[in-house]
Structure formats: C-alpha cells, structure tokens
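Participant: The structure under discussion is supplied below as structure tokens; questions concerning it will follow.
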Amino acid sequence: MSVSEWQGRSLDSQHSQLYLRIERQVIWGLPEYEAALFTIRTYFKDCGVVKQDPVLLSKLNEAIESMTPEFLVYKGFAESKANILQWLS
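If you count the sequence shown from 1, you need to add 6 to reach our numbering.
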C-alpha cells in the first residue's frame, strides 16, 4: 500500500477491519564474538478477537488512551482514536 493510499484512512465502524500489530524485539549479546544479534518477531491479532477477551480489551484501551498526540500521529490513527475506542467498547 502506498503512502498516499494509507494517509487519510479511517475506521469504518460498520465494516471494520482492525488488526493489532505487535513486535517483539530482542537483542542477544554475543561477547565471545564482540557482536550482538537483533531480532524482530511480528504478530498480528484481529481486534474482533481482542474485543471478546476482557483482559486484552482493557489493556488495549489503556494503551491507546495513554498515547501522546505525537505518538498517535506516528502510529497513523490520530484522527481515528475516538472511533477506534468507540468500536472497541
């Protein structure tokens, strides 16, 4: 998807397709080689499934609510925050 296609997107609460992308980043020290190994593992979770788990739902709501305006812009959903929280509730 191009940048121009991505910009301006918003959540359609009637036909939502909202996914959570999670990254696990690990740095492994390799002192015997004077090096380090950096790994990234990504996971995708359908937020429709998250909505059904009260613990996950609570954690996701807390995470979104705690984001600064700058971080919301970085994540690409500054304009959609209210709609996303409404859809999750």
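Virtual Cβ for every residue (Gly too), placed ideally from N, Cα, C.
Evaluate the contact criterion for the stretch 60 to 70 versus the stretch 33 to 47: three or more CB pairs, one atom per stretch, below 8 Å.
Facilitator: With the cut-off at 8 Å, the stretch 60 to 70 and the stretch 33 to 47 do not touch.
Participant: Using CA atoms only, rank isn't needed, just tell me which of Cys53, Tyr49, Tyr39, Ile33 is closest to Ile90.
Facilitator: In the sequence shown, the residue the question calls residue 90 occupies position 84. Checked all of Cys53, Tyr49, Tyr39, Ile33; the closest Cα to Ile90 is Cys53.
Participant: Using a 10 Å radius around the Cβ and a threshold of 16 neighbouring Cβ atoms, would you call Leu24 buried or exposed?
Facilitator: In the sequence shown, residue 24 corresponds to position 18, counting from 1. It counts as buried.
Participant: For the beta strand (DSSP E) holding Ala41, just list the boundary residues, first then last.
Facilitator: For this step, residue 41 is matched to residue 35 along the sequence shown. 41 to 52 is the extent of the beta strand (DSSP E) around Ala41.
Participant: Can you tell me the Cα-Cα spacing of Asp59 and Leu26, whole angstroms?
Facilitator: Position 53 of the sequence shown, counting from 1, holds the residue named residue 59. Position 20 of the sequence shown, counting from 1, holds the residue named residue 26. So the two alpha carbons sit approximately 14 Å from each other.
Participant: Below 7 Å CB to CB, which residues in the same chain sit around Val56 once its five sequence neighbours on both sides are set aside?
Facilitator: As a working mapping, residue 56 is identified with position 50 in the sequence shown. Around Val56: Leu26, Leu62, Leu63, Leu66.
Participant: Beta-carbon within less than 6 Å of Gln31's beta-carbon, same chain only, minus the 5 sequence neighbours each way: which residues are those?
Facilitator: Along the sequence shown, one-based indexing puts residue 31 at 25. Same-chain partners within the cutoff: Ile46.
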